[in-house]
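Participant: Position one of the sequence shown corresponds to residue 6 (the numbering used here), numbered consecutively onward.
Once you've had a glance at the structure underneath, I'll fire off some questions.
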Amino acid sequence: MTKRTFLWRGLLVITLIGAFLSLKPLSSQAKSVNLYQEDKKTKTLTWGVKADTNLFGLMNIKNSRIEGFDVDMAKALTQQIYGKNAKAKFIQVTADTKIPLLKNGNLDAVIAVMTITPERAKIVDFSQPYFAAGQSLLVKKGSAIQNVKDLNDKTVLAVKGTTTEADIKKVAPQAKVLQYGDYAQAFVALQSGQGQAMAADNGILYGLAKENQNYRVTGGTFTAAPYGIAVNKGQKDLLNHIDQALVELKENGTYAKIANKWFGDVAGFDYKEASK
6 MTKRTFLWRG
16 LLVITLIGAF
26 LSLKPLSSQA
36 KSVNLYQEDK
46 KTKTLTWGVK
56 ADTNLFGLMN
66 IKNSRIEGFD
76 VDMAKALTQQ
86 IYGKNAKAKF
96 IQVTADTKIP
106 LLKNGNLDAV
116 IAVMTITPER
126 AKIVDFSQPY
136 FAAGQSLLVK
146 KGSAIQNVKD
156 LNDKTVLAVK
166 GTTTEADIKK
176 VAPQAKVLQY
186 GDYAQAFVAL
196 QSGQGQAMAA
206 DNGILYGLAK
216 ENQNYRVTGG
226 TFTAAPYGIA
236 VNKGQKDLLN
246 HIDQALVELK
256 ENGTYAKIAN
266 KWFGDVAGFD
276 YKEASK
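Given below as structure tokens:
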């Protein structure tokens, strides 16, 4: 190793250590600062939202804005908490970045089709469910299949790496389940008649039904995987105001208005099920 290489590596290590240490105060600050009170000063809430999930959070290439149910809910919640002149700021997140960005203080809250799970609840705090997600069925219009119990002796299409097959077998043990690499492949298989139904998260199926008018979502949900709003640990004040605002938005009709805007023309959408 040359002297120059040694010095370069030494500088690199020092730089990396410095970068790591610089993140620690930000994370600590995110936990110690009362975000509700801080955001009250500016009347601005910073939300993490998805930009690749149809109906919930999708980038509109025409105006370069993220649009969807989650985005409109974030705007409504912000104004319900801080008043009609309050502003919702949005930062795009992915499945891998939403929790790190929240923990590091880059976000105040995450509303991004995020399922409430015990594992995640150890890291972040969740609001009450804002969308009653769970696995459902997508069938062609005119199909006799009404719910998961009708799947015995039928072929169901699902995606590898999910719990769908096991969940179906609990209710319809005689069903045959074919699994594909992703949701697009499974839906193409449904279109080509390789199965009589496709099973997946109802939010995903609503998006498919929205884009393909010959199909409908049916049978409600046969599993429970509700979506919640996540905030950092130690932000109970903000979390309590989000929960209260959710209740108020349902009571004053705003939630129904937003839900009908995005899902009202989706065949099989059940408002009572989604909002329970």
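Note that CB positions come from ideal geometry on N, CA and C, so glycine has one too.
Report yes or no: do three or more beta-carbon pairs, one from the stretch 255-274 and one from the stretch 148-166, lie closer than 8 Å?
Facilitator: no
Participant: Considering only the alpha carbon of each residue, which of K67, K215, T51, L60 lies closest to K146?
Facilitator: In the sequence shown, residue 146 corresponds to position 141, counting from 1. Closest by alpha carbon: K215.
Participant: With a cut-off of 8 Å on the beta carbons, I'd call D130 and Q240 a contact; round off their distance for me.
Facilitator: The residue labelled residue 130 in the question sits at position 125 within the sequence shown. The residue labelled residue 240 in the question sits at position 235 within the sequence shown. Going by Cβ atoms, the distance from D130 to Q240 rounds to 7 Å, so yes, they are a contact pair.
Participant: Out of A177, T226, L244, point me to the one whose CA is closest to F136's CA.
Facilitator: Taking the first residue of the sequence shown as 1, we reach residue 136 at position 131. Checking every option, the nearest Cα to that of F136 belongs to T226.
Participant: In this structure, does DSSP put I263 in helix, strand or coil?
Facilitator: What you label residue 263 is simply residue 258 of the sequence shown in a count that begins at 1. I263 falls in the helix class under three-state DSSP.
Participant: Indicate the three-state DSSP secondary structure (helix, strand or coil) for L28 in the structure shown.
Facilitator: Start at 1 with the first residue of the sequence shown, and residue 28 comes out as number 23. Because L28 carries a pLDDT of 39, less than 50, the predicted location of this residue cannot be relied on, and no value is offered for it.
Participant: In the structure shown, what three-state DSSP assignment does D130 receive?
Facilitator: Taking the sequence shown and counting its residues from 1, one reaches residue 130 at position 125. It is a strand residue.
Participant: Could you please give the first and the last residue of the uninterrupted beta strand (DSSP E) stretch that includes Y220?
Facilitator: As a position in the sequence shown, residue 220 is number 215, starting the count at 1. Counting along the chain, the beta strand (DSSP E) containing Y220 begins and ends at 220-223.
Participant: Bridge partners of L50, per DSSP?
Facilitator: On the sequence shown, residue 50 is found 45 positions in, with the first residue counted as 1. Partner(s): A93.
Participant: Do three or more CB pairs link the stretch 193-211 to the stretch 245-265 at distances below 8 Å?
Facilitator: Here the stretch 193-211 does not lie against the stretch 245-265, with fewer than 3 beta-carbon pairs under 8 Å apart.
Participant: So, for D242: in the same chain, excluding its five sequence neighbours on each side, which residues have a beta-carbon less than 8 Å away from its beta-carbon?
Facilitator: Position 237 of the sequence shown holds residue 242. If we look at D242 and ignore the five residues flanking it on each side, its Cβ neighbours are N39, L40, Y41, Q42.
Participant: So within the stretch 132-219, which uninterrupted alpha helix (DSSP H) runs reach at least 4 residues, ignoring any that extend past its ends?
Facilitator: 169-176, 188-196, 207-216
Participant: Measuring CB to CB, does I247 end up less than 8 Å from A114?
Facilitator: Here the question's residue 247 lines up with position 242 in the sequence shown. Here the question's residue 114 lines up with position 109 in the sequence shown. In contact: I247 and A114 (Cβ atoms closer than 8 Å).
Participant: Should the stretch 98-115 be regarded as contacting the stretch 168-185, the criterion being three or more beta carbon pairs within less than 8 Å?
Facilitator: Counting Cβ pairs under 8 Å, fewer than three are found: no touch.
Participant: Please confirm whether F74 and L60 have their CB atoms less than 8 Å apart.
Facilitator: If you number the sequence shown from 1, residue 74 lands on position 69. If you number the sequence shown from 1, residue 60 lands on position 55. It is a contact, given that the beta carbons lie within the stated cut-off.
Participant: State yes or no: is the C-beta of Y87 within less than 8 Å of the C-beta of K45?
Facilitator: Position 82 of the sequence shown, counting from 1, holds the residue named residue 87. Position 40 of the sequence shown, counting from 1, holds the residue named residue 45. Yes; because the gap between Cβ atoms is below 8 Å, this pair is in contact.
Participant: Taking its Cβ as the centre, do 16 or more other Cβ atoms sit within 10 Å of V54, making it buried, or is it exposed?
Facilitator: For this step, residue 54 is matched to residue 49 along the sequence shown. Classification for V54: buried.
Participant: Per DSSP, T120 is paired with what?
Facilitator: For this step, residue 120 is matched to residue 115 along the sequence shown. DSSP lists Y232 as partners of T120.
Participant: Please report the residue range of the alpha helix (DSSP H) in which N109 lies.
Facilitator: To locate residue 109, count along the sequence shown from 1; it is residue 104. Element bounds for N109: n/a, residue is neither H nor E.
Participant: What residue does the alpha helix (DSSP H) around I86 start on, and which one ends it?
Facilitator: Within the sequence shown, numbered from 1, the residue matching residue 86 stands at position 81. Looking at the DSSP string, the run of the alpha helix (DSSP H) that includes I86 is 74-87.
Participant: What's the C-alpha gap between G208 and I71?
Facilitator: Locating residue 208 in the sequence shown gives position 203, counting from the first residue. Locating residue 71 in the sequence shown gives position 66, counting from the first residue. Roughly 17 Å between the two C-alpha positions.
Participant: Where S132 and A79 are concerned, what is the direct C-alpha to C-alpha distance, given to the nearest angstrom?
Facilitator: The residue given as residue 132 occupies position 127 in the sequence shown. The residue given as residue 79 occupies position 74 in the sequence shown. S132 and A79: Cα-Cα distance of roughly 13 Å.
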